[in-house]
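So the structure is just underneath, and the comments pick up after that.
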Amino acid sequence: MPFTVAQLADLVGGAAEGDTSRIITGANTIETAGETDLAFAANRRALDAAAASRAGCVLVPLSCSPTPAATVIRVSDPRVAFAKALESIYPPKPLSAGVHPSAVIAASAQLGGNCHIGAHVSIGENCRIGNDCQIGPGCVLGDDIVIGNTTTLHARVTIYDRVRIGARAIIHSGCVIGADGFGFTLAGDHYEKFPQVGVVEIGDDVEIGANCCVDRAALGATRIGTGTKLDNLVHVAHNCTIGRHVVVAAQTGFSGSVTVGDYAVIGGQAGIGEKAKIEAKAIVGGKAGVLTSQTVHAGEPVWGIPARPLRGHLKGLAYIQKLPELNATVREIRQRVIELESAKKPPSA
Amino acid sequence: MPFTVAQLADLVGGAAEGDTSRIITGANTIETAGETDLAFAANRRALDAAAASRAGCVLVPLSCSPTPAATVIRVSDPRVAFAKALESIYPPKPLSAGVHPSAVIAASAQLGGNCHIGAHVSIGENCRIGNDCQIGPGCVLGDDIVIGNTTTLHARVTIYDRVRIGARAIIHSGCVIGADGFGFTLAGDHYEKFPQVGVVEIGDDVEIGANCCVDRAALGATRIGTGTKLDNLVHVAHNCTIGRHVVVAAQTGFSGSVTVGDYAVIGGQAGIGEKAKIEAKAIVGGKAGVLTSQTVHAGEPVWGIPARPLRGHLKGLAYIQKLPELNATVREIRQRVIELESAKKPPSA
Amino acid sequence: MPFTVAQLADLVGGAAEGDTSRIITGANTIETAGETDLAFAANRRALDAAAASRAGCVLVPLSCSPTPAATVIRVSDPRVAFAKALESIYPPKPLSAGVHPSAVIAASAQLGGNCHIGAHVSIGENCRIGNDCQIGPGCVLGDDIVIGNTTTLHARVTIYDRVRIGARAIIHSGCVIGADGFGFTLAGDHYEKFPQVGVVEIGDDVEIGANCCVDRAALGATRIGTGTKLDNLVHVAHNCTIGRHVVVAAQTGFSGSVTVGDYAVIGGQAGIGEKAKIEAKAIVGGKAGVLTSQTVHAGEPVWGIPARPLRGHLKGLAYIQKLPELNATVREIRQRVIELESAKKPPSA
Numbered sequence: 000m001p002f003t004v005a006q007l008a009d010l011v012g013g014a015a016e017g018d019t020s021r022i023i024t025g026a027n028t029i030e031t032a033g034e035t036d037l038a039f040a041a042n043r044r045a046l047d048a049a050a051a052s053r054a055g056c057v058l059v060p061l062s063c064s065p066t067p068a069a070t071v072i073r074v075s076d077p078r079v080a081f082a083k084a085l086e087s088i089y090p091p092k093p094l095s096a097g098v099h100p101s102a103v104i105a106a107s108a109q110l111g112g113n114c115h116i117g118a119h120v121s122i123g124e125n126c127r128i129g130n131d132c133q134i135g136p137g138c139v140l141g142d143d144i145v146i147g148n149t150t151t152l153h154a155r156v157t158i159y160d161r162v163r164i165g166a167r168a169i170i171h172s173g174c175v176i177g178a179d180g181f182g183f184t185l186a187g188d189h190y191e192k193f194p195q196v197g198v199v200e201i202g203d204d205v206e207i208g209a210n211c212c213v214d215r216a217a218l219g220a221t222r223i224g225t226g227t228k229l230d231n232l233v234h235v236a237h238n239c240t241i242g243r244h245v246v247v248a249a250q251t252g253f254s255g256s257v258t259v260g261d262y263a264v265i266g267g268q269a270g271i272g273e274k275a276k277i278e279a280k281a282i283v284g285g286k287a288g289v290l291t292s293q294t295v296h297a298g299e300p301v302w303g304i305p306a307r308p309l310r311g312h313l314k315g316l317a318y319i320q321k322l323p324e325l326n327a328t329v330r331e332i333r334q335r336v337i338e339l340e341s342a343k344k345p346p347s348a
Numbered sequence: 000m001p002f003t004v005a006q007l008a009d010l011v012g013g014a015a016e017g018d019t020s021r022i023i024t025g026a027n028t029i030e031t032a033g034e035t036d037l038a039f040a041a042n043r044r045a046l047d048a049a050a051a052s053r054a055g056c057v058l059v060p061l062s063c064s065p066t067p068a069a070t071v072i073r074v075s076d077p078r079v080a081f082a083k084a085l086e087s088i089y090p091p092k093p094l095s096a097g098v099h100p101s102a103v104i105a106a107s108a109q110l111g112g113n114c115h116i117g118a119h120v121s122i123g124e125n126c127r128i129g130n131d132c133q134i135g136p137g138c139v140l141g142d143d144i145v146i147g148n149t150t151t152l153h154a155r156v157t158i159y160d161r162v163r164i165g166a167r168a169i170i171h172s173g174c175v176i177g178a179d180g181f182g183f184t185l186a187g188d189h190y191e192k193f194p195q196v197g198v199v200e201i202g203d204d205v206e207i208g209a210n211c212c213v214d215r216a217a218l219g220a221t222r223i224g225t226g227t228k229l230d231n232l233v234h235v236a237h238n239c240t241i242g243r244h245v246v247v248a249a250q251t252g253f254s255g256s257v258t259v260g261d262y263a264v265i266g267g268q269a270g271i272g273e274k275a276k277i278e279a280k281a282i283v284g285g286k287a288g289v290l291t292s293q294t295v296h297a298g299e300p301v302w303g304i305p306a307r308p309l310r311g312h313l314k315g316l317a318y319i320q321k322l323p324e325l326n327a328t329v330r331e332i333r334q335r336v337i338e339l340e341s342a343k344k345p346p347s348a
Numbered sequence: 000m001p002f003t004v005a006q007l008a009d010l011v012g013g014a015a016e017g018d019t020s021r022i023i024t025g026a027n028t029i030e031t032a033g034e035t036d037l038a039f040a041a042n043r044r045a046l047d048a049a050a051a052s053r054a055g056c057v058l059v060p061l062s063c064s065p066t067p068a069a070t071v072i073r074v075s076d077p078r079v080a081f082a083k084a085l086e087s088i089y090p091p092k093p094l095s096a097g098v099h100p101s102a103v104i105a106a107s108a109q110l111g112g113n114c115h116i117g118a119h120v121s122i123g124e125n126c127r128i129g130n131d132c133q134i135g136p137g138c139v140l141g142d143d144i145v146i147g148n149t150t151t152l153h154a155r156v157t158i159y160d161r162v163r164i165g166a167r168a169i170i171h172s173g174c175v176i177g178a179d180g181f182g183f184t185l186a187g188d189h190y191e192k193f194p195q196v197g198v199v200e201i202g203d204d205v206e207i208g209a210n211c212c213v214d215r216a217a218l219g220a221t222r223i224g225t226g227t228k229l230d231n232l233v234h235v236a237h238n239c240t241i242g243r244h245v246v247v248a249a250q251t252g253f254s255g256s257v258t259v260g261d262y263a264v265i266g267g268q269a270g271i272g273e274k275a276k277i278e279a280k281a282i283v284g285g286k287a288g289v290l291t292s293q294t295v296h297a298g299e300p301v302w303g304i305p306a307r308p309l310r311g312h313l314k315g316l317a318y319i320q321k322l323p324e325l326n327a328t329v330r331e332i333r334q335r336v337i338e339l340e341s342a343k344k345p346p347s348a
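This is the structure:
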C-alpha cells in the first residue's frame, strides 16, 4: 500500500526531511532497497551503508548526523518504527468473514462473530471459537476445544479434543496440538499405553511455528504461557509448563514435565531432559543438552552437552584445544626428569 | 464417566477401604487431585504426599501402612491399576461408523466393517482397510495400501502408495509414511534421483507420534516391528529395519539402512548414522550420535557424539572438568624440575 | 512393467549375456533379488555376492571377469544403469489431468495444461501454476503463488502467499513453505512481532523432503537454488540463501540469514547459526554446530560442536581418550620429582 514520506512520518511519529512527497510502496534492507522502498538504519554500520543506499527513504535515529541519505525520517527507535511502517505498507490481507461451504462444522460448535473458516476445515462437537478468528484451509479441530478472540490458525493445523487456546494467538501450518503424550509401561513382553487424559492450555498472544508438536498431559495440563513464541518444528512433551514470554528457537525439544520460567530464551536444537527446570530469564544455548531434573539458573547462559555455564564450557573447550601442547610439555618434563635421575646416579663402577 | 469407589475397586481387582460409596468422576496426580478424583501412590514419596492430598480415592500398594488417606483401594501395582481405571473413567470417544460424505474414496478400495472415515479424507485405488479402523479428517491415502483391523489414523496423516500397516496401530496427526527415501547420485554437475521403488511395512500395535516421517525403501522395505513406539518428529530413512517393541523418543533420526534390535530404547534427538546396528535391548542416550556402521551393544547405554559406553563417556567428561587442575599441576612440576636442574648445576666460576 | 533382458540391455545401452529372453518384472538388491528381478553389482563385494544371488539378471561393469552370474548386462556404470532401468520397470503412476471436483480454486488462479489437482486442494487468488503440474490431495496454496512446469506437490503441502517455485521441483507431504520467519523484538514486558513481508524463491529441480519448513524472509527473499535437495524435517529460517545443487540430510536447521554455497553437502541434525557462511563445496558433518557468523571453508569437512575441521576435531577426541593415561603420567612424574627433591636435601642433622 503506497504512502508519501510525509504520511509515513505521521504514521511512525517521526520527522521527515528531504523529498517528503516521494511515494513509498515497499520496504527492504538498507543494502537492497530501491527508490520506492523504505529502509532503516539503527547502528553505525547501517548508517554508513545508508549513504550508498538507493532507498527512497531511510528511518534514522533522532540524533544522527550527518544526515546519511537524501530523504530520511528521524525517529527514536528506527527498528520499531520500521516494524510499524511495515504493518501499514504490507497490511494483513483482509479475509472475508464467513464459513466456506466445504467446511464441516458440528451443529453444537459455536463460532464467534466475524470469523473466517477456510475450505475443507473440520470442527468437532462443542467447540467454542471466539470473535474475529481465522481458521485456515484444511484445519482439523476435534471436540470441546476453546479458542479466544482474534486467533489465527494457518492452513492444515490439527487441534485434538479439549485443547484451549487464548486470544490473538497465531498457530502456523502443520502444527499438531494435543496429541497423546509419549507414555508407555513395559508390561512383560510388550509396552502398554498409559492413557493420556490431560489437556493443553495455550495462553494469549502465543505464536507457534510450522510443524510444531505440543502434546497433551497424561493428567492435568501441558501449558504454554501468554506471549511465548515457538519457532518451527519444536516438540513440547506431556505435562510441560512453559512460562510467559519465553522464546524457543527451531527444532528444540522439551521432554515430559519440564518447567520453563518467564522470559527464558532457548536456542535451537536444544534438548531439555525430563523434569528439568529452566528458571525465569535463564538462557539455554543452541544444541545444549539439559539433563533430566537439571536446573538452569538465570544469570549465565548454559551451553554444551551436558549443559553447563557458558564460561566454564568455553574454558573446557579451550583446555581441549591446548591438549596437544599439554601432552608435549609432559613429555618434555618427563625427559628432563629422566636426565635428572640419571645425573643423580653414582657412576657405574 | 462416574464410578463409586467400590465399582472402581471391582474394576481394578483391588480392595476398597473408607468411603466406598464416594463418587469418582476424574483422575489426577496425587498433588493436584480433588475430591472427585482418583489418584495413585506407588512409592514412598507419593505415599507421603497422599497424606496431604485432597484426592477422593488413592490407589495404594497392598502392603502399605499406615493407610495414607481416608479412602484407598489396595492393589498389587498402583500404576497399572491407575492406567486401567483411566480407560474407564475417560473412555475413548466412540466414533460412529460410516464414511463422511466429503471423503473421496476410490471405487476399487475396500473398507472393512465398522470403519469411521472422517471428513475430507482421500483413499486411492485398491486400498484394503480392515475392520473397526478410524481414519481421521484430512488423511490422504495413496494407492494399494493395506491397513489391518482396529488401526487409527488421526487427522491429517499421509500414507503414500503401497505402504502396509498392521492391526491396532495408532498413527498421530501430521505423519508422512512412505515418502521417497533420500537417494541422489552426483551426475556431472547435478544430482540425479535414484528411484525409490520399495515400500514401508509397519507391524501390529505400533504407535507413531505426530509429524513423524518414515521413508519408503529404495528397494525392498523399510520396516517397523510389532509393538514399537515412536515419539513426535522422528525421522526413519529408507531401508531401516526397526525391530519389535523398540521405544524411540522425540526428534531422533535414523539414517538409511539402520538396523535396530527388539526392545532397544533410544533417547530423544539421537542421530543414528547409515548402516549402524543397534543390538536388541541396547540403549542409546538422548542426543547421542551413533556413527555410520557403528554397532551399539546391549549391556551398557551409549552416550555422546560419537556415541560410546556411558561410563567411559562420563569418565571422559570428568577428566575434561579436571583439565584446569591438571594444567596447574604440570606447570608446578615444571617449575620444580627447573629448580632441580638449577640446583644440579655447578656454581658458575 | 515387464521387460526381457534384451529389452533392458537396449534401454540402458548395455550388452546382454546369458538368457536374454528372460522376463524381468522387478528390481532388488543383489542379496534379496529373485528370479524375475534385476539387480546390480558395482564393486568387488557386490560382484562376489552376485555369484550367490538368485537375481534374474545383474548389471555389471564392462570389464568384470569372470562373469559373476548366469545372465548379466554389461554397462559402463551399473548404478546409473540400474537407476535408469528402475524408472522403466516402476514407471511413475500416470495421474489423469484434471481438477478434482472437491478442489477449491480461486477464479483468478491460472492453471497450465495437463495439470492434476487432487481432492480437497485449495488454491488462492492470482496463483499461476505451470503445465504438467501435480498438486496432491489436501494441498493448500495461498495467493499470488507462481509454480513452474512439471512440478509435483505431494499430498498436504502448504504454500503461503507469494512463494515462487521453479520447474520440475518435488515437494513432499507435510512441507510448509513461506510461513513467517521467527522475528520478535522485546518491547518492555513482551515480544512484538517484526512483520515478515518477504518471500520464498525455490529454484528448478529442487526436491524437499516430508515435513520440512522453509520460512519467508523478513524482507527480500529466502532462496533455495536450482537442483538442491533437502531431506525430511529440515528447517530453513528467514533470509537464508541456499545455493545450487546443495544436499542437506534430515533434521538439519539453518538459522536466519545463513548462506550456503553451491554443491555444499550438509549432514543430518546439523545446526547452522545465524549469518554463518558455508562456502561452495564445503562439507558439514552430521550433528555439527556451526556458530553464528562462522565461515566453513571447502577442502576439509567440519564436525563437532562448535564445528571445526575434522582432523583437528578427531585429534581432540583422541587426546580426550588419552586423558586417563596423561593423568597417570603426570602423577608418576610428580612422584619422581618428589623423590629427586628429597634425595637432594642434605641429610637431616
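Residue numbers (numbering that gives the first Met the number 0), protein chains in the order written: chain A, 0 to 348; chain D, 0 to 348; chain Z, 0 to 348.
Don't be surprised by glycine CBs; every beta carbon is placed ideally from N, CA and C.
Asked	Found
To the nearest angstrom, report how far apart E16 (chain A) and G224 (chain Z) are at their CA atoms.	40 Å
List the residues of chain Z that D230 (chain A) touches, going by C-beta distances under 7 Å, in chain order.	F181
By the DSSP assignment, the alpha helix (DSSP H) with K92 (chain A) in it spans what residues?	No alpha helix (DSSP H) contains K92 (chain A), which DSSP labels as neither H nor E.
Starting from the Cα of G242 (chain Z), find the closest Cα among Z:I277, Z:G13, Z:Q250 and give me that residue.	Z:I277
Pairs of beta-carbons, one from the stretch 315 to 334 of chain A and one from the stretch 317 to 335 of chain D, closer than 8 Å: are there three or more?	yes
Taking the alpha helix (DSSP H) that G177 (chain D) falls in, what are its first and last residues?	No alpha helix (DSSP H) holds G177 (chain D); the beta strand (DSSP E) holding it covers 175 to 178.
Name the two residues that bound the continuous beta strand (DSSP E) containing V199 (chain A).	198 to 201
Kindly indicate if chain Z contains any beta-carbon less than 8 Å away from that of L339 (chain A).	yes
Count the other CB atoms within 10 Å of the CB of K92 (chain D); is the residue buried (16 or more) or exposed (fewer)?	exposed
So, at 7 Å on beta carbons, what are the nonlocal neighbours of L140 (chain Z) in its own chain, with the 5 sequence-adjacent residues on each side left out?	S121, I122, G123, C126, I158
With a cut-off of 8 Å on the beta carbons, I'd call A297 (chain D) and A287 (chain D) a contact; round off their distance for me.	At roughly 15 Å, the Cβ-Cβ gap does not stay under 8 Å, so A297 (chain D) and A287 (chain D) are not in contact.
At a CB distance below 8 Å, what residues from the stretch 118 to 129 of chain Z approach chain A? Give them in sequence order.	H119, S121
Which residues mark the beginning and the end of the alpha helix (DSSP H) in which I144 (chain A) is found?	Per DSSP, I144 (chain A) belongs to no alpha helix (DSSP H) and is neither H nor E.
Looking at C-beta atoms only, is the number of pairs between the stretch 334 to 341 of chain A and the stretch 332 to 340 of chain Z that lie closer than 8 Å three or more?	yes
Looking at C56 (chain A): is its Cβ nearer than 8 Å to the Cβ of I23 (chain A)?	yes
Less than 6 Å between C-beta atoms, sequence neighbours within five positions excluded: which residues of the same chain meet that for A348 (chain Z)?	Residue confidence is low: A348 (chain Z) scores 46 on pLDDT, short of 50, so the model does not pin down where it sits. Its coordinate-derived value is still stated next. So no residue of the chain qualifies.
Alpha helix (DSSP H) containing H189 (chain Z): first to last residue?	No alpha helix (DSSP H) contains H189 (chain Z), which is instead part of the beta strand (DSSP E) from 189 to 192.
Looking only at C-alpha atoms, which of D:E273, D:Y262, D:V233 sits nearest to T251 (chain A)?	D:V233
According to DSSP, simplified to helix, strand and coil, what is A348 (chain A)?	Legend: pLDDT at A348 (chain A) = 45, less than 50; position of this residue unreliable, no value from coordinates given.
Can you find at least 3 beta carbon pairs, one from the stretch 175 to 187 of chain D and one from the stretch 72 to 86 of chain Z, that sit closer than 8 Å?	yes
Can you have a look at K314 (chain Z) and say buried or exposed, based on whether 16 or more other CB atoms are within 10 angstroms of its CB?	exposed
Mapping DSSP to helix, strand and coil, what is F183 (chain Z)?	strand
Check the Cβ of G112 (chain A) against every Cβ in chain Z and list those closer than 9 Å, keeping chain order.	By Cβ distance, chain Z contributes nothing, its closest Cβ being about 24 Å from G112 (chain A), past 9 Å.
Beta-carbon within less than 8 Å of D203 (chain D)'s beta-carbon, same chain only, minus the 5 sequence neighbours each way: which residues are those?	G147, G165, A166, R167, A168, T225, G226
Please confirm whether T240 (chain Z) has its beta-carbon closer than 8 Å to some beta-carbon of chain A.	no
So, do the stretch 2 to 20 of chain A and the stretch 54 to 69 of chain A have three or more beta carbon pairs nearer to each other than 8 Å?	yes
Any beta carbon of chain D sitting closer than 8 Å to that of P60 (chain Z)?	no
Measuring only the C-alpha atoms, how far is V259 (chain Z) from Y190 (chain D)?	17 Å
Going by C-alpha distance, which of Z:C63, Z:D230, Z:R155 is nearest P136 (chain Z)?	Z:R155
Determine the closest residue to G177 (chain A) out of A:A41, A:R215, A:A209, with distance taken between C-alpha atoms.	A:R215
Are the beta-carbon atoms belonging to I207 (chain A) and H171 (chain A) less than 8 Å from one another?	yes
At 8 Å on the CB atoms, spell out the chain D contacts of L46 (chain Z), in chain order.	Those within 8 Å of L46 (chain Z) in chain D number zero; the least Cβ separation is about 18 Å.
How big is the Cα-Cα spacing for R330 (chain D) and A49 (chain A)?	53 Å
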